[in-house]
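For reference, each letter of the sequence shown is one residue, going 2 to 614 in this note's numbering.
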Amino acid sequence: MCGIVGYIGNRNAVPVLLQGLEKLEYRGYDSAGVAVFDEREKKICVCKKKGRVENLESALYDNPVKGRLGIGHTRWATHGVPSDINAHPHFSGSENVAVVHNGIIENYMEIKEILQSKGFEFISDTDTECVAQLVEYYYDQSGDFNDAVFKALEKVDGSYALGIICKDFPDRIIAAKKNGPLIVGLGQGENFIASDMPAILKYTRNTYILEDNEVAVITKDDVKIYNPDKEEVKKNVYVVDWSIEAAEKSGYDHFMLKEIFEQPKVVSDNLNRRFKPDGSGIQLDDIKLFREDLEKINKAYIVACGTAYYAGLVGKFLIEKLCRIPVNSDVASEFRYKDPLIDENTLVIVISQSGETADTLEAMRLAKRRGSRVLAVVNVVGSTIAREADDVIYTLAGPEIAVASTKAFSAQVVAMFLLSLHIALETDKMSLEEFDEIRREMLKLPSHINKILTQAPNIKRFMEKYIDSKNVFYIGRGLDYVVCREGSLKLKEIAYLHSEPYAAGELKHGPIALIEESTLVIGVATQQELFAKTMSNIKEVKARGAKVLMIAMQGNTETEKYADDYIYIPKTHPILTPLLANIPQQLFAYYMAVGLGNDVDKPRNLAKSVTVE
Ligand code: AGP
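Written out as structure tokens, the structure is:
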């Protein structure tokens with residue numbers, strides 16, 4: 002969603018802010034802007050434009066500004082359409098205060114009306130403008146910038162990550178956070194703020210991760226962090242271990258393609274880290290989920306959003322099958338409002354790449370209030386979900402920049418394999434011999450993925466053949482159906498194609514009416530025991546004129562009789578196929594999006610990390 006970057010130091014802030022904003026583009030946005038303190042004019046200059054950061058750059062080229070203090074923002078519209086006026090930063094009425102904000106101020110109308118009654122004039126439709134005006138309102142009373150920010154924060158409800166500057170205090174940026182990520186980057190004679198690490202990775206790896214309700218006062222040589230009672234808080238420096246290359250495209254046309262091709266490494270990194278070297282089980286490092294903990298648990302609940310939810314559905318299948326523990330599952334936005342049946346005997350597993358998804362975070366907090374034990378499967382180290390969960394399994398996928406999740410999904414699925422195996426071993430539902438059989442198969446996964454990736458040129462050819470499809474159906478059974486759901490989501494997200502995933506056996510109960518001459522049906526049939534059943538559904542759609550692209554397991558040559566095109570995945574243990582069967586789907590969606598001329602890494606209307614409800 003929105004992105005924030007801020008700078009104070011001796012450099013010209015403008016290029017630092019613009020480069021930072023470019024690094025945040027992946028989060029999804031519709032406008033961008035900067036506010037920079039001009040030392041000669043002794044005023045804050047704001048430049049903001051609807052559209053891409055490039056538009057902002059051209060505007061700054063035409064009207065250059067320079068200064069050593071600045072804040073920048075990429076906006077993803079929530080209140081008010083994307084426009085120059087609604088873009089951030091927002092000024093207070095006298096242009097004394099400028100604010101960038103991620104999140105939603107829920108009581109902004111109330112604040113706006115009160116300030117309007119006192120003569121304040123508003124020019125945008127945003128909720129953010131009320132923060133700038135409110136800070137100014139308190140500043141006018143006391144002349145104390147820090148105090149004005151504290152007072153304003155007492156009045157606002159909702160979620161925020163804020164960067165605030167004041168014309169009369171050009172020695173500082175004030176940052177504040179509640180339910181939205183914000184970090185302070187620590188340099189030598191310069192400091193930064195950012196909503197996400199890539200924005201400042203070029204300058205520093207040393208950071209403070211702000212907690213909810215903390216306020217940071219940042220000068221070029223010092224950072225002080227306060228709690229809401231204005232008491233100073235001492236924090237540990239968190240050193241980011243990403244390489245800069247990890248956040249670059251490294252010669253690939255798109256981040257998404259690069260991330261697809263990183264999957265063998267991501268999977269092997271996870272396996273190397275998680276399998277005990279002597280083959281006797283799984284080491285989940287920080288999580289304390291042993292026999293005595295598991296004895297208290299009588300059910301699990303898996304909660305996540307989007308792709309992470311589909312990884313969770315693989316987990317549900319495996320925990321039920323291997324551990325014989327009943328598992329409920331829900332998307333987080335539903336779970337939050339349904340009064341879920343959970344208690345202290347429920348293990349709630351939340352899954353999130355970003356660790357900041359608002360619905361997942363709130364679902365987790367609800368689970369904690371009900372006394373459930375919360376285990377989070379998270380990619381971004383130090384993110385809010387990771388910090389607040391009882392236990393964390395990090396998915397070790399490195400930074401995922403493309404909005405469409407690929408390698409993070411694979412890492413989440415591997416985490417689900419490992420977690421279910423761990424629970425099955427701890428609860429004696431699986432013998433070491435059975436575990437060893439699966440472990441050996443898992444160790445082959447990176448090389449299997451590499452084999453599938455060599456089929457990319459074929460998949461590109463399928464794209465050329467099916468590029469005119471208007472509706473695409475994904476059908477499969479059991480774990481293959483879960484794979485279909487993820488494949489269909491990916492096609493929607495980046496190719497903007499209507500597609501529906503169906504449990505193959507459900508087709509006859511209605512959706513088959515939609516199948517007509519040349520409708521593309523992607524059939525996933527990797528589960529040997531369900532293969533014949535799925536093939537009978539494939540025959541049904543073929544009989545109605547559909548074109549069929551099949552994903553099946555090597556050796557099932559029956560596929561070739563009925564499919565127009567097919568991709569084989571290497572033979573593996575049946576519980577491991579979702580990881581492999583999904584890779585051709587990722588490539589297919591990718592090539593379709595490229596073929597249709599779409600912005601693959603930054604698809605329309607989408608944000609990488611959905612930090613509002
Ligand atoms: C995946 O391709 C999507 N961009 C989206 O569904 C995503 O998985 C979802 O928003 C959850 O995000 P999270 O993993 O960061 O919580």
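No residue lacks a Cβ here, since even glycine has one placed at the ideal position from N, Cα and C.
Using C-beta distances below 8 Å, list every residue in its chain close to residue i, excluding the 5 sequence neighbours before and after it, in chain order.
| i | result |
| --- | --- |
| E233 | K225, I226 and Y227 |
| E191 | Y8, I9, G10, N11, R12, Y204 and K221 |
| G506 | R478, K534 and N538 |
| H423 | G282, I283, L285 and L290 |
| L314 | I303, S330, V483 and R486 |
| F262 | Y253 and L454 |
| R462 | none |
| K168 | F38, K43, K44, I45, E96, N97 and V98 |
What residues in its chain sit with their C-beta under 7 Å from that of residue i, if we drop five residues either side in the sequence?
| i | result |
| --- | --- |
| K235 | none |
| V382 | Y395 |
| K369 | V375 |
| C48 | G34, V35, L57, A60, L61, N64 and V66 |
| G21 | V6, G73, A195, A200 and I201 |
| Y109 | D128 and C131 |
| G519 | Looking at the sequence shown, residue 519 is not Gly but Ser. Contacts found: G546 and K548. |
| S93 | A133, Q134, V136 and E137 |
| S143 | A149 |
| K113 | F123 and C131 |
| E23 | V54 |
So, is residue i buried or exposed, given that buried needs 16 or more other C-beta atoms within 10 angstroms?
| i | result |
| --- | --- |
| M257 | buried |
| I576 | buried |
| M593 | buried |
| T385 | buried |
| I453 | buried |
| I516 | buried |
| S118 | exposed |
| T573 | buried |
| H510 | exposed |
| I45 | buried |
| V216 | buried |
| Q587 | buried |
| L433 | exposed |
| A514 | exposed |
| E219 | Rather than Glu, the amino acid found at residue 219 in this sequence is Ile. Counting Cβ neighbours within 10 Å, I219 comes out buried, since at least 16 surround it. |
| R41 | exposed |
| V579 | The question names Val, but residue 579 in the sequence shown is Pro. Buried. |
| H499 | exposed |
| Y338 | exposed |
| A248 | buried |
| P90 | buried |
| G316 | buried |
Apart from the five residues just before and just after residue i, which ones in its own chain have a Cβ nearer than 6 Å to its Cβ?
| i | result |
| --- | --- |
| V157 | I106 |
| A416 | V378, I394 and T396 |
| E357 | P182, S384, T385, S610 and T612 |
| Q264 | K408, S411 and I450 |
| T508 | Checking the displayed sequence, the identity of residue 508 turns out to be Leu instead of Thr. These residues qualify, in order along the chain: N538. |
| A88 | S32, G34, K49 and R76 |
| P447 | P265, V268 and S269 |
| Y209 | V185 and K236 |
| P327 | K300 |
| F193 | Y8, G186 and I201 |
Closer than 7 Å: is that where the CB of residue i sits relative to any heavy atom of the ligand GDP?
| i | result |
| --- | --- |
| A309 | As for the ligand GDP, it is missing from this structure, which binds only the ligand AGP. |
Exercise. For the stretch 447-484, list the alpha helix (DSSP H) runs that are entirely contained and at least 4 residues long, ordered along the chain.
Key: As far as the stretch 447-484 is concerned, its whole alpha helix (DSSP H) runs of at least 4 residues are 457-467.
Quiz item: Taking only runs of the beta strand (DSSP E) that begin and end inside the stretch 144-187, which ones reach a length of at least 3 residues, in chain order?
Solution: Qualifying beta strand (DSSP E) stretches, in chain order: 159-167, 174-179 and 184-187.
Practice problem: Could you tell me whether the stretch 8-28 touches the stretch 65-84, using the rule of 3 or more Cβ pairs below 8 Å? | Solution: Verdict: yes, contact present.
Exercise. Flag this pair as touching only if the stretch 24-34 and the stretch 74-83 have three or more C-beta atom pairs under 8 Å; answer yes or no.
Key: Of all C-beta pairs linking the stretch 24-34 to the stretch 74-83, three or more are shorter than 8 Å, placing the two stretches in contact.
Quiz prompt | Start-end ranges of the alpha helix (DSSP H) lying completely within the stretch 527-600, minimum 4 residues | solution = Complete alpha helix (DSSP H) runs here, min 4: 529-544, 560-563 and 578-596.
Quiz item: At a cut of 8 Å, does the stretch 559-568 reach the stretch 282-292 through at least three beta carbon pairs?
Solution: Touching, no.
Practice problem: Quick one: which unbroken beta strand (DSSP E) runs of 3-plus residues sit fully inside the stretch 18-79? Chain order, please. | Solution: Taking 3 residues as the shortest admissible run, the stretch 18-79 contains the following complete beta strand (DSSP E) segments, listed from N- to C-terminal end: 32-39, 44-51 and 70-76.
Quiz item: If we count Cβ pairs, one from each stretch, closer than 8 Å, do we get three or more for the stretch 77-91 versus the stretch 99-112?
Solution: They touch, by the three-pair rule.
Self-check item: Cβ pair count under 8 Å reaching 3, the stretch 479-497 against the stretch 518-537
Solution: Contact between the stretch 479-497 and the stretch 518-537 is present: 3 or more CB-CB pairs across the two stretches fall below 8 Å.
Exercise. Tell me, please, whether the stretch 336-355 touches the stretch 368-379 by the rule of three or more beta-carbon pairs shorter than 8 Å.
Key: Flag = yes, the stretch 336-355 and the stretch 368-379 touch.
Exercise. Say whether the stretch 185-194 touches the stretch 124-138, bearing in mind that this needs 3 or more beta-carbon pairs closer than 8 Å, one atom from each stretch.
Key: Of all C-beta pairs linking the stretch 185-194 to the stretch 124-138, fewer than three are shorter than 8 Å, placing the two stretches out of contact.
Self-check item: Uninterrupted alpha helix (DSSP H) stretches inside the stretch 294-365 (no shorter than 4 residues)
Solution: If we require 4 residues or more, the alpha helix (DSSP H) runs fully inside the stretch 294-365 come out as 307-319 and 333-336.
Quiz item: Using 8 Å as the Cβ pair cut-off and three pairs as the minimum, do the stretch 301-313 and the stretch 413-427 touch?
Solution: Yes, the stretch 301-313 is in contact with the stretch 413-427.
Quiz item: What runs of the beta strand (DSSP E), each 3 residues or longer, lie entirely inside the stretch 411-436?
Solution: If only uninterrupted beta strand (DSSP E) runs of at least 3 residues are considered, none is enclosed by the stretch 411-436.
Quiz item: Do the stretch 398-407 and the stretch 589-605 touch if we need at least three Cβ pairs shorter than 8 Å?
Solution: Yes, since at least three Cβ pairs between the stretch 398-407 and the stretch 589-605 fall closer than 8 Å, the two stretches touch.
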